[in-house]
Every structure is written in structure tokens, then in C-alpha cells.
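Residue numbers (the UniProt record's numbering): 1 to 551. Beta carbons: idealized from backbone N, C-alpha and C, even for Gly. Source: prediction; values computed, not measured.
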Amino acid sequence: MQSFDHRKYRPFEPVSIPDRTWPEQTITSAPIWASVDLRDGNQALVEPMTVEQKKEFFKLLVDVGFKEIEVGFPAASQLDFDFVRWLIEENQVPDDVYIQVLTQARPELIARTYESLKGAKKAVVHVYNSTSKTQREQVFRLDKDGIKAIAVNGAKCVMEHAHQHPETEWVFQYSPESFTGTETDFAVEVCDAVIDVWQPSPEKKCIINLPATVEVTTPNRFADQIEYFCRNVKRRDSIIVSLHTHNDRGCGVAAAELGLMAGADRIEGTLLGNGERTGNMDVVTMAMNMYSQGVDPKLALGDMDRIVSVVQSCTQLPVHPRHPYAGELVFTAFSGSHQDAIKKCLANQTDDKPWDVAYLPIDPRDVGRSYQEVIRVNSQSGKGGMAYALEQEYGLALPRWLQVEFSPIVQKFAEEDGGVVEAAEMKELFEKSFMTASFPYRLGKYELSKADRDSVTAELIGTDGPVKVTGTGNGALSAFSAALGEQFGIRVDIVQYQEHALTVGSDAQAIAYVQANIDGQRFNGVAIDSDIVSASIQAVLATVNQCLASK
Ligand code: KIV
Ligand code: ZN
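Next up, the structure:
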């Protein structure tokens, strides 16, 4: 047998629920969110967070709006224990926030867990044991009753300790760990036994958290498990069904979304998806998915740069540039056709209309990003992107014919440079290519007069001193072109002309764009001046300068 052999694996055995209803559901409101960044996320780090990092991360989670935050595994880690004590003793937990702690269903660990929580105002005690067939048979070597007994005894112990501390508002949470690898009817049986101990009511609910400890199947099959569980578990009105998905198959978010449609109420996850192995389900992505559908996710994710920065510095893990909603490149278009479509849609988009922009599922400004970073130019980009950047940054509204001329110049630069061409670099290239109105000649004084034809007399200042030129034509440009033609023995025909006022970075300046055919060759000239006629004739001079320089 070769080593890469799919026959080594077995397909997942789905639960049978032919009358499933979840496929017809839509997510229309936010779930109860619970962050597990400081516990599951922290457990998965090469270097677990320091107390200082945990403090910073906790503050971020509170600011983002989590009301349930799993802050550690205090019976397993002294650092976690100390952190929980600090939160309580230093009064760091807002009144409306529950701190949550994890413990295995073992009496000595539960006792230590409660020790860490002394004096807490509100706390979720999260107790778990593993229920899957693999764990039962190979790790614990216990039958189903033995596994159920661990859960029941853990639940009793949790309740007894809570009764000794009535000053705290307790919520109990149970997880049948490795739920996805557990026969779903057995998971229901174990959870029912725990519920029998806790006797929750609609007024005082407990949380039953169903973890995809390892993601083993497609999200639709996971949703079937959740719908089956919700239909069959006892006292459904007295429990909060919570999901805790991991991302082994890359579908952690999708599984949580379908699980929510299948009846869950609460979602555990981490900001940007850090967690064991391939991570926990990413709360940012799931919440932003809701947001992009017009559903209020009830989390404040508007300062994405802060989220990325705190997560990166506390976890020491980079955030991928293409991470949904948060990556550095996720709102950036390099391809010319995408840039063109975005540019047109953005021009139509107004604040009173629903967001409708090609290639951008949300408005980047909503997460603190700017339009500047939306369109970036590299060797794959077309004229749209560079035109957009020059207009946004410098107010240069290049006419289409000049975009056509400038685009290959930018593309060549990008190919040689090998990366992104910044707006400032493009502006420099643009000036170098078209605004050579001062070499070999620059415009000195000039005079225009109008009789039956326009005539111009101008001084051109070259390296050998001033030269006087005169010419007539139908308009100032044609007269000046005739004067230049006469002086240099060339034929200058203006084929394109455009001008506009400059609004960015200048007071009452105008820019003129000219394309001239000079002795059968095309030259483009651009000039800026406070006077539009001066700008125009300097643009003509720029075309002639280029022609002379090329000879
Ligand atoms: O993934 C998991 O099963 C867990 C449990 C402890 C909830 O993290
Ligand atoms: Zn987990």
C-alpha cells in the first residue's frame, strides 16, 4: 500500500434526519457570542500569553462587546489562576460581563476552579469530559455508562460548590467534548443526565456546548447533528445550545453558521480564528458575514486594525493578508477589469443607497480601511487603477486617451520594479513622461491678439537664450502650434485637448492635457498653471519639447 492512500480513512456516519428544517433558515439575528481566545486560543500557542498580554487581550474583548469571555483554565495553569484572581480582585470585569473558566469533570480540579473564582460577580463554570467512541474505547477505556457517570459526577460537584458561594451569579456549562465523534443520541443521553442534575428552568438556563473538537464532516452533516440534538434534548426551553467549532476541514465558520440555522443560540470562537491545530472558528468572519447581509452582529468590529494588531502581538501569529475582512489585501484590487468595475460602482454609490459595489462585499470604511488601498497598481493592473489613484490622490482626471498612453509606461515600471506602484511614484512617472514643458525650451512672455484670426507672439527661453516666435491660427493653440512649427521646421497638429480645474492641493490651478501629431508622430504634453491659456500653450510646448528631445 502506498503511503498516500485514501483507503486508510472511513467516511463520517451521518445522523439520520430526513425531515431536517435548517436548510430553509436564514440568520436574522446575532447569537450570544462567547470568546475563547484566552483559553482555547491561548492553549494552542507556541508561547502562551503572558499576564500582560492576557490583560490587553481581555480589554479588547470587552471593547469589542463580548459579554461572555472564557478567561482560562485556572485549575490547570497557575498563570491562568493568577489572571482570574487579578480580574476579580482588581475589579476589571464590567458588571454585564460573565467570566468563564474551563475545568475537567474531576472533583479536585473543580474545587481549585472555584477557588480561583472567589468574589466573582458573574461567572460561567464550564465543565467537560470526552464522550466520543474513540476516546471512550482508547483513552478512557470506559463504556458509555462510565463516561456518563463522569459527566454526572462533574455536574453534581459543580453545583455543590456553587451553592457554597451564593454571592456569585453562577451559570453552568457542560461540553460533551468530541461531540462530532460521538453518536448523537448518546450525546443527547449524556447531556440529558447533566440537565437532570442541574434542573435548569427558562428563567435560569444552563449552557450545553456542542464542540466540533475535531471537524470531521461537511457543515451540512454537522447541522443535522445540531438539529437532531435540539429536537431531542430535554428541557430545550431551559438550555442555551452553544456551538464550539474547530476548523480542521477549513469550514469552522460555515459549520457554526449552519449550526445556528439548525437551532443553536450561542457561538464560541476566537478573534481571527486562533486555536488548537487549524484554529477555532473565527468570530470576526462570522460576525462580518452577518453584517454584510444587513444583520447587526452586536459586536463592534469597526477598528479592524486594532483587532489585528492586538491579536498579532498577543498570539505572536501573523494575520494572513487575505484573511476575510481583516487581511491587508482583502479590499485591494490589482486586476484592471476589477479596478474599472469598482471605480464605476463607487462613483454611483451614495450614503442613502444600500451598498452595491462590484468585488467589495462590504464598504472598507466600515472596518476602518480607506478607498486608497482598494485600488492598487501593479503589473497586472490596467489604466483604470492608475487613473483612479492619480485622481484620488492628486486630483488629476486623466482623459481616456491619455490613460491609454500612460498605462504601458506604468506597466513597464511595475514589471521592472516587481511590486506595487505607489501613487507618488505614478505621479513622478507622469510628470517625467508628459510635463517636460521646460526642456529644451520653456515659455517666457507671450501675447495673444484677436483680429479675423488669432495670432500669438511668444518668447521661448532655451539654453542659448530667448527666441521669439509668432504664428496665427483659429484659436490660441493653433496659432501657437503654427509659431512652433515655423520656428523648428515641423508640422504640429493638435489632435486631443482637455483641461480642468485642479481641486487637490492647489489654489485655483488648472491643468491642460494635449496630444499633438508632429510630423506624423504622436506626442502628449501636460502643464499646470494658474491661467488656463498659459497651461494649454505650455502643454503644447511640452509636446514639441519631447519631439525636439527625441531627435
Ligand atoms: O474543542 C473542544 O472540544 C474544547 C472543549 C473543552 C469545549 O475546547
Ligand atoms: Zn476547542
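Distance from the CA of D5 to the CA of E137, rounded to the nearest whole angstrom, comes to 25 Å. Within the same chain, G471, T472 and G473 come within 7 Å of A482 by CB-CB distance, once the 5 residues on both sides are set aside.
Every residue whose beta carbon comes nearer than 7 Å to a heavy atom of ligand 2 appears here in chain order: V36, D40, P211, T213, H244, H246, G275, E276 and N280. Assigned with DSSP and collapsed to three states, Q2 falls in coil, not helix or strand. Shown here, A223 sits in a helix according to DSSP, grouped into three states. Relative to the non-hydrogen atoms of ligand 1, the Cβ of N232 never comes closer than 7 Å to any of them.
Between ligand 1 and the CB of Y174, the shortest heavy atom gap is not smaller than 7 Å. V533 has its alpha-carbon roughly 36 Å from the corresponding atom of S337.
Around the Cβ of K412, a 10 Å sphere holds fewer than 16 other Cβ atoms; the residue is exposed. Exclusion of E215 from the 7 Å shell around ligand 1 follows from its C-beta lying no nearer than that to any non-hydrogen atom of the ligand.
I99 places its beta carbon less than 8 Å from that of I69. Under a 10 Å Cβ-count criterion, N348 is classified as exposed, with fewer than 16 other Cβ atoms of the shown protein chains found around its own Cβ. The shortest C-alpha to C-alpha distance from Y497 to any of G520, G485 and G525 is the one to G525. Contact between V377 and G368 is absent: CB atoms are separated by about 23 Å, not below the 8 Å threshold. Shown here for A397: same chain residues with a beta carbon closer than 7 Å to its own, the five before and five after excluded, namely E391 and H500 in chain order. At a cut-off of 7 Å, the beta-carbon of L60 does not count as near ligand 1: no heavy atom of the ligand is closer than that. When C-beta atoms of the stretch 44 to 60 are compared with those of the stretch 237 to 254, fewer than three pairs fall below 8 Å, so the two segments do not count as touching. The closest CA to that of R277, considering only Y114, I528, K234 and A212, is found on A212. Around the beta carbon of G41, a 10 Å sphere encloses 16 or more other beta carbons of the protein chains shown; the residue is thus reported as buried. Not one heavy atom of ligand 1 falls within 7 Å of the beta-carbon of L317. Within the same chain, A212, G252, A255, A256 and M281 come within 6 Å of T245 by CB-CB distance, once the 5 residues on both sides are set aside.
Around the beta-carbon of D63, fewer than 16 other beta-carbon atoms lie within 10 Å, marking it exposed. Looking at S407, G489, N220 and E183, the one whose alpha-carbon comes closest to that of T134 is E183.
Within the stretch 151 to 217, the complete beta strand (DSSP E) segments of 3 residues or longer fall at 169 to 177 and 206 to 212, listed in chain order. A Cβ-Cβ contact shorter than 8 Å links Y441 with G462. With a contact defined as Cβ atoms closer than 8 Å, V214 and G181 qualify at about 7 Å. Burial state of V197 is buried, judged by a 10 Å Cβ sphere holding 16 or more other Cβ atoms. Its chain contains V469, T470 and G471 as the residues whose beta carbon lies nearer than 8 Å to that of E486, once the 5 sequence neighbours on both sides are disregarded; these appear in chain order. In the displayed model, R141 falls within coil according to three-state DSSP, outside both helix and strand.
The beta carbon of A508 sits closer than 7 Å to the beta carbons of S530 from its chain, once the five residues preceding and following it are set aside; these are given in chain order. In the three-state reduction of the DSSP assignment, K54 falls in the helix class. Within the stretch 390 to 465, the runs of beta strand (DSSP E) at least 3 residues long that lie entirely inside it are, in chain order, 442 to 450 and 454 to 462. Per DSSP, the beta-bridge partners of I99 are I69 and A123. Around the C-beta of E431, fewer than 16 other C-beta atoms lie within 10 Å, and the residue is accordingly described as exposed. Counting only runs of 4+ residues, the alpha helix (DSSP H) found wholly inside the stretch 252 to 328 occupies 252 to 261, 283 to 291 and 304 to 315, in chain order. Cβ neighbours of K427 within its own chain (closer than 6 Å, five residues either side excluded): Y394.
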